[in-house]
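Participant:
There are 2 protein chains.
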Amino acid sequence: MSDTAPSTRRTSPVAPASVRVPIAELSDLMVRTCLAAGLNHRAGRRVADHFLTGELRGKPSHGLAKFAFESRFFPLRQGPPEIVRQRGVFTVVDAHREIGPLSAEFAVTAAIERARRLGVGLVGVINTQRYGVLSTFTEAIAAHGLLGIAANTSRAEAVPAGGASAVLGVNPLSFALPTLGEPLSADMGTTLAPMGVLWEHRRSGNPLPEQCFVDAEGSPTSDPHAASSAIVFGDHRGFALSLLLQTLTGSLFGFPMGSDVDSTWGTGYAFIALDPTFAAPDQDAAAANTRLAEQLRAAAAADGTWRLPGDRGRALEAAARTNGTIAVPGPLLARLSARSAGDFTSD
Amino acid sequence: MSDTAPSTRRTSPVAPASVRVPIAELSDLMVRTCLAAGLNHRAGRRVADHFLTGELRGKPSHGLAKFAFESRFFPLRQGPPEIVRQRGVFTVVDAHREIGPLSAEFAVTAAIERARRLGVGLVGVINTQRYGVLSTFTEAIAAHGLLGIAANTSRAEAVPAGGASAVLGVNPLSFALPTLGEPLSADMGTTLAPMGVLWEHRRSGNPLPEQCFVDAEGSPTSDPHAASSAIVFGDHRGFALSLLLQTLTGSLFGFPMGSDVDSTWGTGYAFIALDPTFAAPDQDAAAANTRLAEQLRAAAAADGTWRLPGDRGRALEAAARTNGTIAVPGPLLARLSARSAGDFTSD
Numbered sequence: 002m003s004d005t006a007p008s009t010r011r012t013s014p015v016a017p018a019s020v021r022v023p024i025a026e027l028s029d030l031m032v033r034t035c036l037a038a039g040l041n042h043r044a045g046r047r048v049a050d051h052f053l054t055g056e057l058r059g060k061p062s063h064g065l066a067k068f069a070f071e072s073r074f075f076p077l078r079q080g081p082p083e084i085v086r087q088r089g090v091f092t093v094v095d096a097h098r099e100i101g102p103l104s105a106e107f108a109v110t111a112a113i114e115r116a117r118r119l120g121v122g123l124v125g126v127i128n129t130q131r132y133g134v135l136s137t138f139t140e141a142i143a144a145h146g147l148l149g150i151a152a153n154t155s156r157a158e159a160v161p162a163g164g165a166s167a168v169l170g171v172n173p174l175s176f177a178l179p180t181l182g183e184p185l186s187a188d189m190g191t192t193l194a195p196m197g198v199l200w201e202h203r204r205s206g207n208p209l210p211e212q213c214f215v216d217a218e219g220s221p222t223s224d225p226h227a228a229s230s231a232i233v234f235g236d237h238r239g240f241a242l243s244l245l246l247q248t249l250t251g252s253l254f255g256f257p258m259g260s261d262v263d264s265t266w267g268t269g270y271a272f273i274a275l276d277p278t279f280a281a282p283d284q285d286a287a288a289a290n291t292r293l294a295e296q297l298r299a300a301a302a303a304d305g306t307w308r309l310p311g312d313r314g315r316a317l318e319a320a321a322r323t324n325g326t327i328a329v330p331g332p333l334l335a336r337l338s339a340r341s342a343g344d345f346t347s348d
Numbered sequence: 002m003s004d005t006a007p008s009t010r011r012t013s014p015v016a017p018a019s020v021r022v023p024i025a026e027l028s029d030l031m032v033r034t035c036l037a038a039g040l041n042h043r044a045g046r047r048v049a050d051h052f053l054t055g056e057l058r059g060k061p062s063h064g065l066a067k068f069a070f071e072s073r074f075f076p077l078r079q080g081p082p083e084i085v086r087q088r089g090v091f092t093v094v095d096a097h098r099e100i101g102p103l104s105a106e107f108a109v110t111a112a113i114e115r116a117r118r119l120g121v122g123l124v125g126v127i128n129t130q131r132y133g134v135l136s137t138f139t140e141a142i143a144a145h146g147l148l149g150i151a152a153n154t155s156r157a158e159a160v161p162a163g164g165a166s167a168v169l170g171v172n173p174l175s176f177a178l179p180t181l182g183e184p185l186s187a188d189m190g191t192t193l194a195p196m197g198v199l200w201e202h203r204r205s206g207n208p209l210p211e212q213c214f215v216d217a218e219g220s221p222t223s224d225p226h227a228a229s230s231a232i233v234f235g236d237h238r239g240f241a242l243s244l245l246l247q248t249l250t251g252s253l254f255g256f257p258m259g260s261d262v263d264s265t266w267g268t269g270y271a272f273i274a275l276d277p278t279f280a281a282p283d284q285d286a287a288a289a290n291t292r293l294a295e296q297l298r299a300a301a302a303a304d305g306t307w308r309l310p311g312d313r314g315r316a317l318e319a320a321a322r323t324n325g326t327i328a329v330p331g332p333l334l335a336r337l338s339a340r341s342a343g344d345f346t347s348d
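Here the protein sequences come in this chain order: A and B.
Residue numbers for the first sequence follow my numbering, beginning at 2 and rising by one.
Residue numbers for the second sequence follow my numbering, beginning at 2 and rising by one.
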């Protein structure tokens, strides 16, 4: 199965005109798309909320555009997800090609259940469609007072700094800490930019961000049609982290790794929940995390040069929800409208 | 308790003359130091082997110099380490100020035992002396066919890129994957250089590596006497990873975090073992990891610009062991000799 965007070269890399659209209307378009794919309203709402959150948090490559792209595959779902093995803290889920956010929610529930019983739950998911931002799932774990971690791999699309040969996937990581208020969450690719940026820029013809992608010879390029792989962040340290995530989403669950990840359906996902009351029943981890977050916020305010993970996204989301509308490129709105009318074949 | 090196400014930052010393002799000096601190020969040998491995793998700040520094505190040990709580996959160890590598070995054994029973073992250690490189412990886990992960924190000594206010510790991370041969291991600080480099350069007066440390105002400096904090790698992504490690070595076990880490004894350590046979009993994780490592080695050889984690260190160690001697700065050799004669008070 090919899930790459077509590489037709556009001659005019000018940003298309945007229109301001009420958030509720965008949500409605996505919900109706889900209904057309056979979901009930409640599930459709959860899928729509997931991608909307990515959009509102300032990650458009994981928001509406990703919904428009991924929803092509919604009719392929054979779900619901199924637990195919469970032993100790481990659970393995065959998602039967379920829509990504629904597969992830299923895994989150299983991880929480095991963590409550044994202190930790590790859930591996395979054979699923994809999702947008990971942090909505780790935050769902943290909302139960647990430390949540999520990661997934992709086909071999990431090269270490200076390299040309992709073996590892782009391997994003998210975690969320329970606090006395909203979870403190982080959501990061282990590449300097997600592959979604490459797909979208191939569509628009706009140049890629500099020094984030390489061509087949390993030369950095901003040409979305020449670029083939994303550069891993943080030199050898970032590469080591990506390697760890590759195995946590791979051999730990018997899932493919490296060149053996040859399709969406063979891509591994991992969801982890950890219960801090097991090791420290007399202490309040949420209070301790809140205290740490307060120290970090005070330091960030004093320095004025850095932010806590997640803070920018939450601020953007709050502003957008207050405003009630967001700017959407015209062609994207047209794609969403077509999907909502049951068109799952046009690009 | 203060465990920082004295900040006496040396006027002559010239590298002291080195002498080549047989490895066996260096090991003997360290073993005799351990005997003088009350260890039996077998335990002393393990401590010596640990720090020697760091030295031979090209991490002198975690090798002989760290042994010379840390061994000042060997007589403070009140060990042996003790399991003070165990529930589900979690174990909490009070190390009773045991010498670092021995505390870590105790934790590794406990982590493996739980992983064999439940799929995962998570061991938190507090009230311990410090060790050198983490990878000797994760490799010990991987030698049992398990995925090994280890991390620890430190006092608040790390600032995000562009920052001045340290809240997080330097938070090193190691992991080791079981393969059909030697474990594939990585060992990395989440700062661009370890604080050990700062302590040693304060001693020698040599300039620090550029762009790795900042002074109290957040200005990068190579002056070891002006520098106060280490810069976190990988911008916001590296900072997010450091934050995750802070909680895995902190609130997950009820251990201090941020400014509450105010001494060596209040510094948290985490050791994790994961058994891949729980989720995938019919597959061979070591074979899968070997296949991934082979793909990575082929890619690295084709590119010629990057290496696998751990490969450089292993090559250095093999070359040093073949040679049989290594170069040791004269003053360091004198310190090791004094320690081996039972001098735990001189610096």
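Don't be surprised by glycine CBs; every beta carbon is placed ideally from N, CA and C.
DSSP on A/T5, reduced to helix/strand/coil?
Facilitator: With a pLDDT of 41 at A/T5, under the threshold of 50, the predicted position of this residue should be treated as unreliable, and no value is reported.
Participant: Among B/A287, B/T265, B/H237, whose alpha-carbon lies nearest the alpha-carbon of A/M258?
Facilitator: Measuring from the Cα of A/M258, the nearest candidate turns out to be B/A287.
Participant: Tell whether a beta-carbon distance below 9 Å holds between B/F272 and B/G122.
Facilitator: Yes, Cβ-Cβ distance for B/F272 and B/G122 is below 9 Å.
Participant: Between which two residues does the alpha helix (DSSP H) holding A/L245 run?
Facilitator: Its alpha helix (DSSP H) spans residues 236–249.
Participant: With burial defined as no fewer than 16 other Cβ atoms inside 10 Å of the residue's Cβ, what is the status of A/N172: buried or exposed?
Facilitator: So A/N172 ends up on the buried side.
Participant: When you compare only the Cα positions, how much space is there between A/L275 and A/H145?
Facilitator: Roughly 10 Å separates the two Cα atoms.
Participant: Cβ of B/G59 less than 9 Å from any chain A Cβ?
Facilitator: B/G59 does not count as touching chain A.
Participant: What does the alpha-carbon distance come out to for the pair B/L1 and A/P277?
Facilitator: Residue 1 of chain B is absent from the model: chain B starts at 2 and stops at 348.
Participant: Between A/L169 and chain B, is there a C-beta pair that is closer than 9 Å?
Facilitator: Yes, contact with chain B.
Participant: Applying the criterion that 16 or more other CB atoms from any shown protein chain within 10 Å of the CB defines a buried residue, is A/A152 buried or exposed?
Facilitator: Looking at its Cβ environment, which holds 16 or more other Cβ atoms inside 10 Å, A/A152 is buried.
Participant: Give the interface partners of B/T154 over in chain C, defined as CB-CB distance under 9 Å, in chain order.
Facilitator: In the displayed structure, chain C is absent; the protein chains listed are A and B.
Participant: Would you tell me roughly how many angstroms separate the C-alpha atoms of B/S341 and B/A37, rounded to the nearest one?
Facilitator: Computed Cα separation, rounded: 7 Å.
Participant: From the DSSP output, in three-state form, read off B/G314 for me.
Facilitator: Three-state result, B/G314: helix.
Participant: Do the stretch 157–165 of chain A and the stretch 290–300 of chain A touch if we need at least three Cβ pairs shorter than 8 Å?
Facilitator: Contact between the stretch 157–165 of chain A and the stretch 290–300 of chain A is absent, because fewer than three Cβ pairs lie under 8 Å.
Participant: Which residues of the stretch 86–102 of chain B have a Cβ closer than 7 Å to any Cβ of chain A? Give them in chain order.
Facilitator: Going along the stretch 86–102 of chain B in chain order, one finds R86, R88, G89, V90, F91, V93 with a Cβ nearer than 7 Å to chain A.
Participant: Run through the DSSP bridge pairs and tell me what A/R1 is partnered with.
Facilitator: Since the displayed chain A opens at 2 and closes at 348, residue 1 of chain A lies outside it and no answer follows.
Participant: Runs of 4 residues minimum, wholly inside the stretch 51–86 of chain A: which ones carry the alpha helix (DSSP H) assignment?
Facilitator: 65–71, all fully within the stretch 51–86 of chain A.
Participant: Give, in chain order, every residue of the stretch 206–228 of chain B whose Cβ lies closer than 7 Å to some Cβ of chain A.
Facilitator: Residues passing the 7 Å Cβ filter: G219.
Participant: Can you look up B/I100 in the DSSP assignment and give me helix, strand or coil?
Facilitator: In this structure, B/I100 counts as coil in the three-state DSSP scheme.
Participant: Quick check on the burial criterion: 16 or more other C-beta atoms within 10 angstroms. Buried or exposed for A/I84?
Facilitator: Answer is exposed; the Cβ neighbour count stays below 16.
Participant: Go to B/R308, then tell me how far its alpha helix (DSSP H) extends in each direction, as first and last residue.
Facilitator: Unbroken run through B/R308: none, as it is neither H nor E.
Participant: Give the DSSP-derived three-state secondary structure of B/G190 in the structure shown.
Facilitator: Of the three classes helix, strand and coil, the one that applies to B/G190 here is coil, per DSSP.
Participant: What does the alpha-carbon distance come out to for the pair B/I100 and B/Q130?
Facilitator: Those two C-alpha atoms are separated by around 5 Å.
Participant: Can you tell me whether A/T12 is helix, strand or coil according to DSSP?
Facilitator: A caution first: A/T12 carries a pLDDT of 43, below 50, which makes its placement in the model unreliable, though a value can still be read off. Reduced to three states, the DSSP call for A/T12 is coil.
Participant: Is there at least one non-hydrogen atom of the ligand SAH closer than 8 Å to the beta-carbon of A/A227?
Facilitator: This structure lacks the ligand SAH, and indeed carries no ligand of any kind.
Participant: Residues in its own chain within less than 6 Å of B/L57 by CB, not counting five upstream and five downstream?
Facilitator: So the qualifying residues of the chain are E318, A321.
Participant: Once the 5 residues before and after A/S347 are set aside, which same chain residues still bring their CB inside 7 Å of it?
Facilitator: Here the set comprises A339.
Participant: Alpha carbon to alpha carbon, how far is B/S260 from B/E158?
Facilitator: Between B/S260 and B/E158, the C-alpha separation is close to 10 Å.
Participant: For B/M189, which residues in chain A fall below 7 Å Cβ to Cβ?
Facilitator: Ordered by position in chain A, the residues that pass the 7 Å Cβ test against B/M189 are R238, A241.
Participant: With a floor of 3 residues, list each beta strand (DSSP E) that falls wholly inside the stretch 161–187 of chain B, ordered by position along the chain.
Facilitator: Correct list: 174–178.
Participant: With DSSP as the reference, please indicate the residues paired to A/G149 in a beta bridge.
Facilitator: A/A177, A/A274.
Participant: Please classify A/G125: does DSSP put it in a helix, a strand, or coil?
Facilitator: In the structure shown, A/G125 sits in a strand (DSSP, three-state: E or B).
Participant: With burial defined as no fewer than 16 other Cβ atoms inside 10 Å of the residue's Cβ, what is the status of B/D95: buried or exposed?
Facilitator: B/D95 comes out buried.
Participant: Which residues of the stretch 330–343 of chain B have a Cβ closer than 9 Å to any Cβ of chain A? Give them in chain order.
Facilitator: Within the stretch 330–343 of chain B, no residue has a Cβ that lies closer than 9 Å to any Cβ of chain A.
Participant: Using the Cα positions of A/G305 and A/G311, report the straight-line distance between them to the nearest angstrom.
Facilitator: Whole-angstrom Cα-Cα distance: 16 Å.
Participant: State the DSSP-derived secondary structure class of B/T326, mapped to helix, strand or coil.
Facilitator: Note: B/T326 maps to strand in three-state DSSP.
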